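In what follows, a structure is listed as structure tokens, so that the remarks can point back to it.
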Amino acid sequence: MTVMTPGELIHHTVLLDEAIEALDIQGTRVNGVYVDGTFGRGGHSRKILSQLGPQGRLIAFDKDPYAIANAEQINDPRFSIVHESFADMRAELAHLGITQVDGVLMDLGISSPQVDDAERGFSFRNDGPLDMRMDTTRGISAAEWLAHEDEQKIREVIENYGEERFAFQIAKAIVARRASESISSTRQLAELVAHAVKTREKGKDPATRTFQAIRIFINKELEDLEIGLVGAYDSLAPDARMAVISFHSLEDRIVKQFFASKVKVAQPDRRLPIRDIDLPKPQMRLISRMKPTEEEILRNPRARSAIMRVAERIGAI
Numbered sequence: 001m002t003v004m005t006p007g008e009l010i011h012h013t014v015l016l017d018e019a020i021e022a023l024d025i026q027g028t029r030v031n032g033v034y035v036d037g038t039f040g041r042g043g044h045s046r047k048i049l050s051q052l053g054p055q056g057r058l059i060a061f062d063k064d065p066y067a068i069a070n071a072e073q074i075n076d077p078r079f080s081i082v083h084e085s086f087a088d089m090r091a092e093l094a095h096l097g098i099t100q101v102d103g104v105l106m107d108l109g110i111s112s113p114q115v116d117d118a119e120r121g122f123s124f125r126n127d128g129p130l131d132m133r134m135d136t137t138r139g140i141s142a143a144e145w146l147a148h149e150d151e152q153k154i155r156e157v158i159e160n161y162g163e164e165r166f167a168f169q170i171a172k173a174i175v176a177r178r179a180s181e182s183i184s185s186t187r188q189l190a191e192l193v194a195h196a197v198k199t200r201e202k203g204k205d206p207a208t209r210t211f212q213a214i215r216i217f218i219n220k221e222l223e224d225l226e227i228g229l230v231g232a233y234d235s236l237a238p239d240a241r242m243a244v245i246s247f248h249s250l251e252d253r254i255v256k257q258f259f260a261s262k263v264k265v266a267q268p269d270r271r272l273p274i275r276d277i278d279l280p281k282p283q284m285r286l287i288s289r290m291k292p293t294e295e296e297i298l299r300n301p302r303a304r305s306a307i308m309r310v311a312e313r314i315g316a317i
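Final position of the sequence shown in UniProt numbering is 317; the numbers increase by one with none missing.
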């Protein structure tokens, strides 16, 4: 496996300083245990390590073998990389003998090197094999899925995960095309979608929503996010923080609703004889909601849609 070298497939880490500041690594916590749920190309992990004390520890997760190969170049005894989804965070931390952590960062979506490498099949701009798997060692590719899935399921995925209003027409076109030839390249799929989508969004390629939807489905991104949020919360020590950076509305909605469920606790009928001390208490407090600055967006246009939400665990476990 080729490890990314400087100048190749450059990746700009989104909200780098803001994310590390949000984790509040100071005081005794500089020697705490932290989790980077998505190593990517290591921007956040390296920044966290620069803030940690000599007894601090960082556990990073990633599904992408290329990310794992890059992580293995970090020669730091405080750092460990796990080739798993952050959905497995709780179990993997337990395997490492870790019951509580002092902070969790989750940077969702895909990285620029993944998009820009045509061989990964994520981009409709560069022709390559229609793969789309973040973990190329497991599961089926997008091409394999499109070759066998029924039309209704394809439509549902494109509609629900891509919020694409032409999902019916696109699914119908895919099934019609595969009857005569296999859909095995990103260019084939992009051109097929372009013919099926009748109304264009200004400044957006017609294949954008379909590629997003299939990628999310193939990698179980939303399911992993829901499981990962629970695992991250369960792992937090009292007063520890969780910061989550999302890049589209489906992800952000899940994060927002999860935090809200921990902040707003249902209360019993006020007429019941229950002491204030015995009333259900909030489990988290919201710290901030942040977007990239205009300067960052100018430097990295792909940061435009990013939203970071930060919350802190309250009380004892």
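A virtual CB, placed ideally from N, CA and C, is assigned to each residue, including glycine.
Here the structure is a predicted model, which is why all the values come from computation and not from measurement.
Assign residue 282 to one of three DSSP states: helix, strand, or coil.
Here residue 282 is taken as the residue at index 282 of the sequence shown, counted from 1. If DSSP states are grouped into helix, strand and coil, residue 282 belongs with coil.
Figure out for me which residue from 224, 244, 217 has the closest Cα to the Cα of residue 145.
As a working note, residue 145 is residue 145 in the sequence shown. For the residues 224, 244, 217, the minimum Cα distance to residue 145 belongs to 217.
For the beta strand (DSSP E) containing residue 243, list its first residue and its last residue.
Numbered from 1 along the sequence shown, position 243 holds the residue referred to as residue 243. Here the beta strand (DSSP E) through residue 243 covers 236-246.
For residue 196, I'd like the list of residues in its chain whose CB is within less than 7 Å of its CB, leaving aside the five on either flank, ordered along the chain.
The residue labelled residue 196 in the question sits at position 196 within the sequence shown. Excluding positions up to five away in sequence, the list reads 166, 169, 170, 173.
Suppose the cutoff is 8 Å on Cβ atoms and the five residues either side in sequence are ignored; what does the same chain contact list for residue 16 look like?
Looking up residue 16 in the sequence shown gives position 16. Here the set comprises 43, 44, 47.
Where residue 141 and residue 186 are concerned, what is the direct C-alpha to C-alpha distance, given to the nearest angstrom?
Taking the first residue of the sequence shown as 1, we reach residue 141 at position 141. Taking the first residue of the sequence shown as 1, we reach residue 186 at position 186. Using only the alpha carbons, I get a separation of about 12 Å.
Given this structure, state the Cα-to-Cα distance separating residue 143 from residue 183, to the nearest angstrom.
Here residue 143 is taken as the residue at index 143 of the sequence shown, counted from 1. Here residue 183 is taken as the residue at index 183 of the sequence shown, counted from 1. Spanning the two alpha carbons is a distance of roughly 6 Å.
If the criterion is Cβ atoms closer than 8 Å, does the pair residue 227 and residue 103 meet it?
In the sequence shown, residue 227 corresponds to position 227, counting from 1. In the sequence shown, residue 103 corresponds to position 103, counting from 1. Their beta carbons are not under 8 Å apart, which means residue 227 does not touch residue 103 by this criterion.
Give every residue of the same chain whose Cβ lies closer than 6 Å to the Cβ of residue 12, excluding the five residues on either side of it in the sequence, and list them in chain order.
In the sequence shown, residue 12 corresponds to position 12, counting from 1. Correct list, in chain order: 300.
Give a yes or no on whether the C-beta atoms belonging to residue 19 and residue 224 are separated by under 8 Å.
The sequence position of residue 19 within the sequence shown is 19, counting from 1. The sequence position of residue 224 within the sequence shown is 224, counting from 1. No, Cβ-Cβ distance for residue 19 and residue 224 is not below 8 Å.
Quick one: what's got a C-beta closer than 7 Å to residue 203's C-beta in the same chain, skipping five residues either side?
As a working mapping, residue 203 is identified with position 203 in the sequence shown. Nothing listed; no residue qualifies.
How long is the line joining the alpha carbons of residue 98 and residue 177, rounded to whole angstroms?
Counting from 1 along the sequence shown, the entry for residue 98 is found at position 98. Counting from 1 along the sequence shown, the entry for residue 177 is found at position 177. Approximately 51 Å, taken between the alpha carbons.
Between which two residues does the beta strand (DSSP E) harbouring residue 309 extend?
For this step, residue 309 is matched to residue 309 along the sequence shown. Residues 307-313.
Let me know the alpha helix (DSSP H) ranges lying completely inside the stretch 135-197, each 4 residues or longer, listed in chain order.
Complete alpha helix (DSSP H) runs here, min 4: 142-148, 151-162, 167-178, 186-196.
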